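Those sequence lines, one after another, are chains A and B. Using the working numbering, you'd call the opening residue of the first sequence number 181 and step up by one each time. Using the working numbering, you'd call the opening residue of the second sequence number 298 and step up by one each time. Glycine included, every Cβ here is placed at the ideal spot set by N, Cα and C. All values reported here derive from a predicted model rather than from experimental measurement.
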Amino acid sequence: MPQSWNLIYLRDLLRELIGRDIKLRYKRSLLGIVWSLLNPLMQLLVLSLIFRIVLPLDIPNYNTFLFTGLLVWTWFQTSLFAATGAIVDNRDLILRPGFPAAILPVVTVATNFIHFLLALPILLVFLLISGIPWSDAMLALPFLFTVQFLFTLSLVFFIAPLHVRFRDTQYLLGIILLLGFYLSPIFYEASVIPQQYQLLYRLNPMVTLIEAYRSILMQGKYPGILNLLLLSLVSIALLWIGYAVFRRARSQFAEEL
Amino acid sequence: MPSPVAVEGLSKRFRRYSTDRAWTLQETVLRGFGRRQSEDYFWALKEVNFEVVAGKMLGLIGRNGAGKSTLLRLIGGVGEPSEGRILTNGRIGALIDLGAGFHPDLTGRENIFINGVISGLLRQEVALRFDDIVDFAELEEFIDSPFRTYSTGMRMRLAFSLAVNTDPDILLIDEVLAVGDLAFQRKCLERINVFKEKGCTILLVSHDTNLVAKLCDEALWVNEGRVAAHGPAEIVVKQYSNAMQNETQRRTPINQINSNLDNGAALQVNKNRFGSLEMEIHNVKLFNDRCKPTEYLDSGDPLIVEMEYSAPQAIDSPIFGVTLTREDGTVCCDTNTPAPALGSPVVFGRGKVRLRFERLDLENGSYFVDVGAYQKDWAYAYDYHWQVYPLKIGKGNQKKGILKPPQHWEFEQEKD
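Listed below in structure tokens is the structure:
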């Protein structure tokens, strides 16, 4: 194991790996950064057309409302999709003596977090256009980022090794994420879910997260802290288990790849 | 000081993937979770034991699929042993998959930074060494071109240059020195020697047995996952080449002809005894000048090495050799009977060979007397005993240096 096995080293390693992913994404493409924005923008266009004209939903500032949900969901979804390749596509690194494989899931979530951050200014433009005032509640955003990061990461720790063993994990994941998209309040408000299903509905952590983002960005209010704390605790517990699972699977990677 | 690489009772088992192994969840579910597939395993490595001393170079030889590369990877921490353990001490540098981790779309510069950090350096450390790396690889002009535009030789140079510039304590090399032109190969070999001098331990997997014999101090012959022989590089390489040549008409069944010696040590084939055993050496004795068997001498005493041989079949002009080595393997003296051209007799039956050192001006310390009998062209050893017969010179601990010639100091003061 390298002697410089400490936080500074891990920071450098993380920085290089994220840098590599980002550089590779934009290296030989004309549109560059625009690609990571195009997808949510197209989705915005389609959904906005449907739910403002075809099936009007009576939600104020619908574009901003929708774009918030889409961006948050995109970060989550692309991270999980990328998770299936986190180990499989990095065979070289896994076969490198002493390489800390557990850093790869972190790289996956972090890279997609950066894409999320890059798209954030567009959301701010939407907010400006909607005339929604800035508020000091935005100071709570980093906390939300952290919670979502931890929650996503904990899932990635499960998915990455699973895909090493079963190569059809990504198809299964596609179905689950599609379901998740409709079961999260992305293009509708959580309050339209009938009362008797609310408890069940709120078991989906993305409900808590998306609502918290909207509360901060659109209403300028601090989100309910209780649910978020609960989610943080659950995420940390999941992360702990996921990391253990990952560590156990780690020794098999070299053979399975 | 703990040895940089120690392998203890190492075994590695792989699952043999048959084509009907379920690669997908779907198949697994369809087959039913309850029904376990018949487990099929094979042992890639079985009960491997060895240790490497700091600053030594060990060559791993053996046929394709013998387990050499698996062994190297396990030492590098890729995969886990099924049984036994591997202890390593120090930073490991590896040249296992050439160009692995180098991304074709990134420039040489970007690749150096990423791979330097992946190899265990801090970013800042890579920046400090950047010029050395590029310089050694001779790639100044191309460093900002994408890696995919590089030729195989350029890629290899960059990978090697990066690996040797990470200051490893242990360097693992898998069959890569063959790439690159001769000039660069020589440069690599020079660098490897510098490493050895600095105390870096090197493990080299190679099919080039001449290279192993030339470069390595010791060689480990891996055969079907087991250690077939571990000893001085030249001896093991000869034995290996010989065994490969005689694969069909194998002269010696390697049955374990082990015997115990007077000094309590045991002679074990392929551990401290090597050779075809067409002719055997036994009853090796060390005498002092009073003709008494001894393991202890004072510096400057004479030493007589006596060995008995037995040749069940006639052997044409064998060469007998005696090597004095220090405990750490450094050769102090290497001598043998004159070349067969001078007419050594045909040897048959039993007999004795005696070598007399008139005086042994060795520094105090522990030594070994290695003895051997070789085929007349040095093609392979008939019998060779390695680190079996200890010899202690003087009292007290090992001193620096090897020689202690007769000496006295003189002083002369100039008067004005």
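From this set, B/Gln323, B/Met354 and B/Arg370, which residue's C-alpha is nearest alanine 341 of chain B's C-alpha?
B/Arg370
Is alanine 563 of chain B buried or exposed, if buried means 16 or more other CB atoms sit within 10 Å of its CB?
exposed
Using a beta-carbon distance below 8 Å, is arginine 347 of chain A in contact with chain B?
yes
Give the interface partners of isoleucine 430 of chain B over in chain A, defined as CB-CB distance under 9 Å, in chain order.
What isoleucine 430 of chain B touches in chain A: nothing, since even the nearest Cβ is about 15 Å away.
Near isoleucine 202 of chain A, which residues of its chain fall below 8 Å by C-beta distance, leaving aside the five closest residues on each side in sequence?
Thr291 and Ile294
Is the CB of aspartate 316 of chain A under 8 Å away from at least one CB in chain B?
Interface criterion not met: the Cβ of aspartate 316 of chain A is under 8 Å from no Cβ in chain B.
What three-state label does DSSP hand leucine 273 of chain A in the structure shown?
The three-state reading of DSSP puts leucine 273 of chain A in helix, counting H, G and I together.
For glutamate 380 of chain B, would you say it is in contact with chain A, using Cβ-to-Cβ distances shorter than 8 Å as the test?
no
Whole angstroms is fine: what's the gap from valine 226 of chain A's alpha carbon to serine 259 of chain A's?
Distance between the alpha carbons of valine 226 of chain A and serine 259 of chain A: 23 Å.
Report the rounded CA-to-CA distance for serine 300 of chain B versus glycine 626 of chain B, giving the unit in angstroms.
Our two residues, serine 300 of chain B and glycine 626 of chain B, have alpha carbons roughly 14 Å apart in a direct line.
Do alanine 460 of chain B and alanine 391 of chain B have their CB atoms nearer than 8 Å?
yes
Distance, Cα to Cα, glutamine 421 of chain B vs threonine 463 of chain B?
12 Å
When DSSP labels each residue in this structure, what does histidine 504 of chain B get in the three-state scheme?
coil
Helix, strand or coil at cysteine 513 of chain B [DSSP, three-state]
coil
What would DSSP say about alanine 611 of chain B, mapped onto helix, strand or coil?
strand
Identify, in the order they occur along the chain, each residue of the same chain with its Cβ nearer than 6 Å to the Cβ of serine 416 of chain B, setting aside the five sequence neighbours on each side.
Thr463
Please give me, in chain order, every unbroken run of the beta strand (DSSP E) with length at least 3 that falls completely inside the segment 322 to 366 of chain B.
338 to 349 and 354 to 358
On the criterion of 16 or more Cβ atoms from any shown chain inside 10 Å, does glutamate 238 of chain B qualify as buried, or is it exposed?
The first residue shown for chain B is 298 and the last is 713, placing residue 238 of chain B beyond what the model contains.
Does arginine 427 of chain A come within less than 8 Å of chain B when only Cβ atoms are used?
no
So that I know if they touch, is there some Cβ in chain B lying closer than 8 Å to that of phenylalanine 279 of chain A?
yes
Assigned secondary structure, phenylalanine 346 of chain A (DSSP; H/G/I helix, E/B strand, else coil):
coil
Alpha carbon of isoleucine 430 of chain B to alpha carbon of serine 458 of chain B, nearest angstrom
When only Cα atoms are considered, isoleucine 430 of chain B and serine 458 of chain B end up about 5 Å apart.
Going along the chain, which residues of the segment 402 to 419 of chain B sit with their C-beta nearer than 8 Å to a C-beta in chain A?
Across the segment 402 to 419 of chain B, CB contacts with chain A closer than 8 Å involve Asp402, Leu403, Glu407, Phe410, Ile411, Val414, Ile415, Ser416, Gly417, Leu418 and Leu419, in sequence order along the chain.
Would threonine 404 of chain B pass as a contact of phenylalanine 347 of chain B if the rule is Cβ separation under 8 Å?
no
At least one CB of chain B closer than 8 Å to the CB of alanine 282 of chain A: is that the case?
no
Do the segment 329 to 348 of chain A and the segment 265 to 273 of chain A make contact, defined as three or more Cβ pairs closer than 8 Å?
yes
Closer than 8 Å at the beta carbon, the chain B residues around arginine 200 of chain A:
His400, Leu403, Glu407 and Ile411
Does the distance from the CB of glutamate 592 of chain B to the CB of lysine 689 of chain B come in under 8 Å?
yes
DSSP puts serine 663 of chain B in a beta bridge; with which residues?
B/Lys689
Among B/Ala540, B/Ala351, B/Gly352 and B/Leu621, nearest to isoleucine 358 of chain B - alpha-carbon criterion:
B/Ala540
Report buried or exposed for valine 602 of chain B, applying the criterion of at least 16 other Cβ atoms within 10 angstroms of its Cβ.
Valine 602 of chain B sits buried, since 16 or more C-beta atoms from the chains shown fall within 10 Å of its C-beta.
In chain order, what are the residue ranges of uninterrupted alpha helix (DSSP H) at least 4 long that sit wholly in the segment 432 to 480 of chain B?
449 to 461
Glycine 572 of chain B and tyrosine 679 of chain B closer than 8 Å at C-beta
yes
Distance check for leucine 508 of chain B and leucine 501 of chain B, CA to CA, integer angstroms please.
If I take the Cα positions, the gap works out to 10 Å.
Within 10 Å of its beta-carbon, does threonine 622 of chain B have 16 or more other beta-carbons around it, so buried, or fewer, so exposed?
buried
What residues match up with histidine 682 of chain B in a beta bridge as DSSP calls it?
B/Arg570 and B/Val668
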